[in-house]
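Notes follow once the structure below has been shown.
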Amino acid sequence: MPTLEQNRQLWSESFDWSHQGDRWSAKWGGVDMQWHGTLLPRIHAFLPTGAILEIAAGYGRWSQYLKDLCDHLILIDMQEHCIDACRQRFADETHIEFYVNDGRSLDMVADNSVDFVFSFDSLVHADSSVIEAYLEQLASKLTPDGVGFFHHSNLGAYPHYFSLTTRLPMPIRDRIYRYGLADKDHWRDPGMTAEKFCQIAARYGLQCIGQELVNWSARRQIDCFTTFCKEGSIWSRPNVVVRNPQFMDEVQRWGELAQLYSDTSWARMAKT
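What follows is the structure, given as structure tokens:
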């Protein structure tokens with residue numbers, strides 16, 4: 059299970075950040091294609107807005123888009139070098155605040171101040187205690203009609219499968235992974251599920267209003283995109299859960315289209 063300390067060590071300055079996180083968008087054909095093809099369609103209903111909080115901002119892979127969709131942007135990360143990189147990247151922006159936290163605290167954020175909170179491709183590596191810490195605080199940080207969108211683990215929905223594969227001897231496991239005969243856990247938390255997220259949220263007066271279970275680089279839907287709000291919000295509704303076992307097909311399609319439509323494809327054409 060990826061602990062907070064393991065995350066702190068893995069994503070430290072010793073990690074190769076020369077790509078600024080962009081390499082994790084390669085299957086989409088680049089960051090721009092992933093944002094416009096996968097992310098923006100899932101959150102567009104809540105944007106633009108007043109104040110956005112991004113948790114685990116990294117080097118600003120998503121911040122570069124969020125900054126143009128709000129009056130005030132708050133970027134938080136537990137890695138000081140990530141926040142330093144964001145400060146440098148967005149040095150000309152006057153509406154952005156930058157904070158280093160301990161990986162679970164939102165003390166620097168004012169109560170009743172966040173209209174939209176976002177975290178993608180980061181908290182998916184966090185355990186359930188970190189998710190709970192953030193949700194508990196967001197219950198007071200969100201405005202009455204504030205909304206959240208979190209990408210988190212759903213690995214716990216398959217306890218028997220992954221407990222079996224992880225018990226296999228490493229040489230056998232490597233071989234079946236190499237031939238695509240089994241799913242990797244991709245360093246997800248086996249104690250986190252879509253259902254558990256909703257249970258945690260409910261403890262603090264929050265509610266899930268939409269969950270998409272996706273097969274992130276696997277056949278099984280080991281990840282979840284959860285949209286949530288405060289109880290009684292204008293966005294409040296019964297939770298809508300959608301299983302999307304074709305998510306990676308979507309990713310592949312965007313990757314194919316990138317050669318036509320990505321910003322880098324036009325740059326290449328301009329040079330020839």
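Under our numbering, residues 59 to 330 are what the sequence shown spells out, in order.
From the three backbone atoms N, C-alpha and C, an ideal C-beta is built for every residue, glycine too.
query	result
Contact check, residue 167 vs residue 132 under 8 Å by CB: the rounded distance?	6 Å
Starting from the N-terminal side, write out each stretch of the beta strand (DSSP E) that is 3 residues or longer and does not extend beyond the segment 267-315.	281-288, 298-302
For residue 211, which residues of its own chain have a beta-carbon under 6 Å away from its beta-carbon, when the five flanking residues on both sides are left out?	182, 246, 247, 250
Determine the contact status of residue 184 and residue 262, defining contact as a CB-CB distance below 7 Å.	no
Within 10 angstroms of its Cβ, does residue 331 collect 16 or more other Cβ (buried), or is it exposed?	The chain is shown only over 59 to 330; residue 331 falls outside these bounds and no answer can be derived.
Give the DSSP-derived three-state secondary structure of residue 255 in the structure shown.	helix
Report yes if the CB atom of residue 85 is closer than 7 Å to the CB atom of residue 309, and no otherwise.	yes
Quick check: residue 135 and residue 141, are their CB atoms within less than 7 Å of each other?	yes
What's the gap between the Cα of residue 192 and the Cα of residue 164?	7 Å
State the Cα-Cα distance for the pair residue 173 and residue 257, rounded to the nearest angstrom.	22 Å
Return the residue from the list 96, 288, 82, 75 that minimises the CA-CA distance to residue 312.	96
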